[in-house]
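Participant:
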Amino acid sequence: MDSGTAVLLSLIVFFIALAIRVPVAFSLLLGGGVGIFLIQGERIMGATLKAAPVEAIASYGLIVVPLFILMGAFAANGALARDLFVVANRFMHRVPGGLGLAALAASAGFAAITGSSTANVAAMGKMAVDEMRKYGYPLVLAAGIIGSAGTLGVLIPPSVILVLYALTAGESVGGMLLAGVLPGLVSILAYGAIILWQVRRVPAVVEEAAVIGADLRERVDAAAAARAADEALAAEATPVATKPGREKLPYGAVVQTGVLFLIVMGGIFGGIFTATESAAFGALAAGLFMVVYALRTRSGLWKLLFSALQESVSITSMVFMLLIGSTVFASFLLVADAPDAIFDWVTHLSLPPWLVVVFFLLALIPMGMFLDGISMLLIWVPLSYPVVTELGFDGIWYGILVVKMIEIGLLTPPVGMNVFVIAGAVRDLTVAQGFRGVAPFILGDVLAVAVLFAFPQITLVLPQLAAGG
């Protein structure tokens with residue numbers, strides 16, 4: 000059978016499998032397997048399916064993935080997200096929209112530890128939304144802030160998706176992680192501008208500075224109450240009253256976040272660690288912080304440890320199954336000469352190279368309506384990366400743009416994973432309201448993509464400095 004017909008039939012099988020709710024990993028396996036069978040026959044298909052698990056995951060570089068996932072799980076079980084939000088509130092309470100900006104700052108800090116978008120949204124969800132609603136934020140706006148800020152988890156390193164892009168495209172893992180730092184700051188600025196614009200349309204929020212300024216002591220006490228409840232079992236003596244205005248804030252969370260980020264990114268940038276070594280030391284440090292938290296609060300060390308390990312194994316298994324499925328599908332696309340066919344088609348169109356890249360990025364939007372971020376990356380990068388680099392563009396720069404488009408996919412219906420997570424975490428919030436809340440922030444993402452597209456050096460400066468260039 001000719002390659003074009005095989006590709007068409009394989010895609011039909013893949014989308015039918017998705018439509019009947021077959022998991023993406025197995026849909027990729029099925030579609031790729033059918034395609035290989037149509038072109039090369041049953042024997043080659045069987046050999047490919049046997050070899051795929053080894054080819055996909057038997058790589059030293061992939062050790063980074065479970066280690067970063069484990070680091071994030073340890074941090075999530077150590078109540079860091081809650082403490083970061085309390086501290087951020089303290090420093091931003093005088094600014095109109097301060098609570099929204101505090102939630103954004105806390106999400107960015109937590110993203111620098113977890114590398115996971117959904118974990119970020121789940122950790123910040125109910126806590127931050129309830130606090131914002133208390134001070135006049137509409138439910139839709141509060142949910143939109145948390146849902147969109149959670150996307151920083153896929154861009155700010157350590158990000159599992161950045162690692163997977165590097166391994167799929169053959170780029171440097173350390174270079175990709177460093178490349179995510181400044182674009183992450185651009186995204187934070189874009190989201191912050193959207194928050195300030197949004198709150199000016201809500202009178203109750205515009206007056207937020209005066210309300211919170213008058214009520215600061217009660218607010219900090221209330222925010223710290225949840226954290227103090229964990230320590231109540233450890234308190235054996237009568238608490239000593241503190242003076243008004245002298246509330247103890249959990250600055251330890253900021254220190255821990257800084258230490259973990261310094262170990263991972265500082266180690267890579269300074270040439271002290273490889274990406275794998277930095278992930279290992281980061282996971283070890285996060286585990287020690289969780290142990291200290293558990294012992295200090297008597298929260299049940301073994302329970303927290305089991306929860307973190309269970310979560311890590313579950314997520315890692317999902318990622319590795321996607322890798323196996325995408326390996327089979329990518330093998331089929333190579334057999335069908337799909338990347339070469341796309342390149343020939345693009346060159347015959349006589350389009351400017353930059354417009355080709357724009358086309359590849361825009362193609363991720365409809366994909367994001369039906370697929371999760373990792374699946375999008377593993378399907379699209381093997382097809383588009385060779386063409387983009389052949390046209391003379393930097394692969395790391397393109398990778399950051401792809402990840403930014405994946406962020407948009409996390410917010411767009413009908414899949415919009417972050418929206419479903421925030422709707423599940425917040426009472427009275429419907430999925431439709433969640434999508435309405437994140438809509439303005441998609442504009443912020445589009446503006447950030449435009450800036451990063453127009454100024455590639457924002458993305459490339461740190462990798463080039465680390466490489467000595």
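When the letters of the sequence shown are read in order and numbered with numbering that gives the first Met the number 0, they come out as residues 0 to 468.
All residues carry an ideal CB built from backbone N, CA and C; glycine is no exception.
Which residues in the same chain have their Cβ closer than 7 Å to the Cβ of L138, if we skip the five residues on either side of it in sequence?
Facilitator: Taking the first residue of the sequence shown as 1, we reach residue 138 at position 139. Once the five neighbours on either side are set aside, the close Cβ partners of L138 are R132, D427, L428 and Q432.
Participant: Only counting runs of 4 or more residues, tell me where the alpha helix (DSSP H) segments fall wholly within the stretch 39–106, in order along the chain.
Facilitator: If we require 4 residues or more, the alpha helix (DSSP H) runs fully inside the stretch 39–106 come out as 41–56, 63–76 and 79–91.
Participant: Using a 10 Å radius around the Cβ and a threshold of 16 neighbouring Cβ atoms, would you call G174 buried or exposed?
Facilitator: Position 175 of the sequence shown holds residue 174. The residue in question, G174, is buried, as its Cβ has 16 or more Cβ neighbours within 10 Å.
Participant: Is it buried or exposed for P249, if we count other Cβ within 10 angstroms and need 16 for buried?
Facilitator: Reading the sequence shown from its first residue, position 250 is the one you call residue 249. Counting Cβ neighbours within 10 Å, P249 comes out buried, since at least 16 surround it.
Participant: In whole angstroms, what separates the C-alpha of R297 from that of P157?
Facilitator: Position 298 of the sequence shown holds residue 297. Position 158 of the sequence shown holds residue 157. Using only the alpha carbons, I get a separation of about 29 Å.
Participant: If you draw a straight line from the C-alpha of D371 to the C-alpha of L409, how long is it?
Facilitator: By 1-based counting over the sequence shown, the position of residue 371 is 372. By 1-based counting over the sequence shown, the position of residue 409 is 410. Using only the alpha carbons, I get a separation of about 7 Å.
Participant: So what does DSSP say about A335, is it helix, strand or coil?
Facilitator: Stepping through the sequence shown from its first residue, residue 335 is reached at position 336. In the structure shown, A335 sits in coil (DSSP, three-state: anything other than H, G, I, E or B).
Participant: Taking L151 and I193 to be in contact with their CB atoms under 8 Å, please state how far apart those CB atoms are, rounded to whole angstroms.
Facilitator: Working through the sequence shown from its first residue, we reach residue 151 at position 152. Working through the sequence shown from its first residue, we reach residue 193 at position 194. That pair is no contact at about 13 Å.
Participant: Taking contact to mean at least 3 C-beta pairs separated by less than 8 Å, is the stretch 42–59 in contact with the stretch 69–86?
Facilitator: No, the stretch 42–59 is not in contact with the stretch 69–86.
Participant: Would you mind sorting G269 into buried or exposed? The rule is 16 or more other CB atoms within 10 Å of its CB.
Facilitator: Counted from its first residue, the sequence shown places residue 269 at position 270. Its Cβ having fewer than 16 others within 10 Å, G269 is exposed.
Participant: Take F13 and list the residues in its own chain whose beta-carbon comes closer than 6 Å to its own, dropping the five residues that flank it on each side.
Facilitator: Looking up residue 13 in the sequence shown gives position 14. Only S26 and G30 meet the Cβ criterion.
Participant: With H, G and I counted as helix, E and B as strand and the rest as coil, what does DSSP make of L300?
Facilitator: As a first step, residue 300 must be located in the sequence shown, where it is residue number 301. L300 falls in the helix class under three-state DSSP.
Participant: Go through the stretch 105–164 residue by residue and report every complete run of the alpha helix (DSSP H) that reaches 4 residues or more, in order.
Facilitator: DSSP runs (the alpha helix (DSSP H)) wholly in the stretch 105–164: 116–133 and 138–148.
Participant: Assuming L464 contacts I395 (C-beta within less than 8 Å), just tell me the rounded distance between them.
Facilitator: By one-based count along the sequence shown, residue 464 stands at place 465. By one-based count along the sequence shown, residue 395 stands at place 396. No, L464 and I395 are not in contact; Cβ-Cβ is about 13 Å, not under 8 Å.
Participant: Taking 7 Å as the cut-off, does the CB of V6 come closer than this to any heavy atom belonging to the ligand FAD?
Facilitator: For the ligand FAD, the structure offers nothing, since it holds no ligand at all.
Participant: If we ignore side chains and look at the alpha-carbon of each, how far apart do A482 and K125 end up?
Facilitator: Because the chain here runs from 0 to 468, residue 482 falls outside it and cannot be looked at.
Participant: With distances taken from CA atoms, which of A24, L8 and I457 is nearest T326?
Facilitator: As a working mapping, residue 326 is identified with position 327 in the sequence shown. The option with the nearest alpha carbon to T326 is A24.
Participant: Following the continuous alpha helix (DSSP H) through I378, name the residue where it begins and the one where it ends.
Facilitator: As a working note, residue 378 is residue 379 in the sequence shown. Run containing I378: G372 to E389, per the alpha helix (DSSP H) assignment.
Participant: Can you list, in chain order, the residues of its chain with a C-beta nearer than 7 Å to that of A209? Leave out the 5 residues immediately preceding and following it.
Facilitator: One-based indexing of the sequence shown puts residue 209 at position 210. No answer about A209 holds up, because its pLDDT of 43 lies below 50 and its placement is not dependable.
Participant: Unbroken alpha helix (DSSP H) runs of length 4 or more, entirely within the stretch 163–199: which are they?
Facilitator: If we require 4 residues or more, the alpha helix (DSSP H) runs fully inside the stretch 163–199 come out as 172–178 and 180–198.
Participant: Mind reading off the beta-carbon distance from A105 to F73? Whole number of angstroms is fine, and I expect it under 8 Å.
Facilitator: Residue mapping note: residue 105 aligns to position 106 of the sequence shown, counting from 1. Residue mapping note: residue 73 aligns to position 74 of the sequence shown, counting from 1. Actually they do not touch by this definition, with Cβ atoms about 18 Å apart.
Participant: Starting from T411 and walking both ways along the alpha helix (DSSP H), at which residues does that stretch end?
Facilitator: The residue given as residue 411 occupies position 412 in the sequence shown. Premise fails: T411 is in no alpha helix (DSSP H) and is neither H nor E.
Participant: Which value, in whole angstroms, describes the spacing of the CA atoms of P381 and A165?
Facilitator: Walking along the sequence shown from the start, residue 381 turns up at place 382. Walking along the sequence shown from the start, residue 165 turns up at place 166. Straight-line Cα distance between these residues: approximately 11 Å.
Participant: Would you identify the three-state DSSP class for M264, choosing helix, strand or coil?
Facilitator: Walking along the sequence shown from the start, residue 264 turns up at place 265. Helix at M264.
Participant: Could you compute how far the alpha carbon of F90 sits from the alpha carbon of I405?
Facilitator: By 1-based counting over the sequence shown, the position of residue 90 is 91. By 1-based counting over the sequence shown, the position of residue 405 is 406. Distance between the alpha carbons of F90 and I405: 31 Å.
Participant: Only counting the same chain, and skipping five residues up and downstream in sequence, which positions put a Cβ closer than 7 Å to that of M320?
Facilitator: Taking the first residue of the sequence shown as 1, we reach residue 320 at position 321. A24.
Participant: Can you tell me whether Q255 is buried or exposed? The criterion is at least 16 other CB atoms within 10 Å of its CB, across all chains shown.
Facilitator: As a position in the sequence shown, residue 255 is number 256, starting the count at 1. Looking at its Cβ environment, which holds 16 or more other Cβ atoms inside 10 Å, Q255 is buried.
Participant: Below 8 Å on the Cβ atoms is my guess for L161 versus G183; work out the distance and round it to an integer in Å.
Facilitator: Walking along the sequence shown from the start, residue 161 turns up at place 162. Walking along the sequence shown from the start, residue 183 turns up at place 184. So it is not a contact: roughly 10 Å between Cβ atoms.
Participant: Mind the definition here: the stretch 344–363 touches the stretch 377–392 only if three or more C-beta pairs lie below 8 Å; say whether that holds.
Facilitator: Judged by Cβ distances under 8 Å, the stretch 344–363 makes contact with the stretch 377–392, as three or more pairs qualify.
Participant: Which residue from I35, I68, V63 and V21 puts its Cα closest to that of S306?
Facilitator: Counting from one through the sequence shown, the residue named residue 306 turns up at place 307. Checked all of I35, I68, V63 and V21; the closest Cα to S306 is I68.
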